[in-house]
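Just so you know, the working numbering puts 132 at position 123 of the sequence shown, and the rest follows in order with no gaps.
A short write-up of the structure that comes next.
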Amino acid sequence: MGGNDMIKRCKLSIMIGLSGQLLAGCAAGGKDTLETALSAPPKAVPAAAAANEEGITLFYARQWDAAKVKFEAAIQAQPTLAEAHYNLGLVYDALRNDREARKHFIQAANLAPGNKVIWSSPALREVEVDVKATPKSSGDFFTPTPGHNH
10 MGGNDMIKRC KLSIMIGLSG QLLAGCAAGG KDTLETALSA PPKAVPAAAA
60 ANEEGITLFY ARQWDAAKVK FEAAIQAQPT LAEAHYNLGL VYDALRNDRE
110 ARKHFIQAAN LAPGNKVIWS SPALREVEVD VKATPKSSGD FFTPTPGHNH
């Protein structure tokens, strides 16, 4: 086997390998780049924090369905855990399910009005918000008060 044949085979192997990686990435679905998932704060319910951390690991492994189950378990254990809602929003965002992503990003923002990471994230900035809306007393900052016309 000549040197040129060896080089051609190496190039072909590299191209096949890269094509396989590209196909595997496409088969996994979701966006090419991922936002940063958020850990639960120290005061979180331990079961919620544990499920959230497992979800984060699965999220970065692009195992969307398994991550979704873990973030849902975290929310079940502690419905007020803004970070789990945010992370679940990230999963739906990666899956391009904008409706569910928006729902959980808004829930996270409502639960954590002072959390700069949640409020300044690109994923949440993509959500259309009526900034003139008057927050309801319940802390729902994104839903306009009835009768408040724009």
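Note that the Cβ used here is the ideal one computed from N, Cα and C, for glycine as well.
Bear in mind the structure is a predicted one, so any value in this text is a computation, not a measurement.
Beta-carbon spacing of residue i, residue j below 8 Å
{"i": "A83", "j": "A103", "result": "no"}
{"i": "G98", "j": "H113", "result": "yes"}
Pairwise C-alpha distance: residue j and residue i
{"i": "G64", "j": "P88", "result": "16 Å"}
{"i": "K79", "j": "A110", "result": "16 Å"}
{"i": "R105", "j": "Q72", "result": "14 Å"}
{"i": "A46", "j": "P55", "result": "18 Å"}
{"i": "R108", "j": "A70", "result": "23 Å"}
{"i": "D74", "j": "E62", "result": "15 Å"}
{"i": "K125", "j": "P51", "result": "17 Å"}
Contacts around residue i, its chain only, beta-carbon distance under 7 Å, and the 5 residues preceding and following it disregarded
{"i": "A76", "result": "G64, L67, F68 and V100"}
{"i": "A57", "result": "A49, A83, A86, Q87, L90 and A93"}
{"i": "A53", "result": "Q87 and L90"}
{"i": "I127", "result": "A91, Y95, A117, A118, A121 and L133"}
{"i": "S130", "result": "E44"}
{"i": "E81", "result": "L97"}
Cut-off 6 Å between Cβ atoms - residues of its own chain near residue i, not counting five sequence neighbours on either side
{"i": "C35", "result": "The predicted model places C35 with a pLDDT of 40, which falls under 50 and marks its position as unreliable, so this point remains unresolved."}
{"i": "L120", "result": "T89 and A91"}
{"i": "S22", "result": "In this prediction, S22 scores a pLDDT of 45, lower than 50, which makes its location untrustworthy; the coordinate-derived value is nonetheless stated afterwards. There are no such residues."}
Start-to-end residues for the alpha helix (DSSP H) that takes in residue i
{"i": "Q116", "result": "D107 to L120"}
{"i": "N61", "result": "P55 to Y69"}
{"i": "N96", "result": "A91 to A103"}
{"i": "S129", "result": "K125 to S129"}
{"i": "A76", "result": "W73 to A86"}
Own chain residues within Cβ distance below 8 Å of residue i, not counting five before or after
{"i": "T42", "result": "none"}
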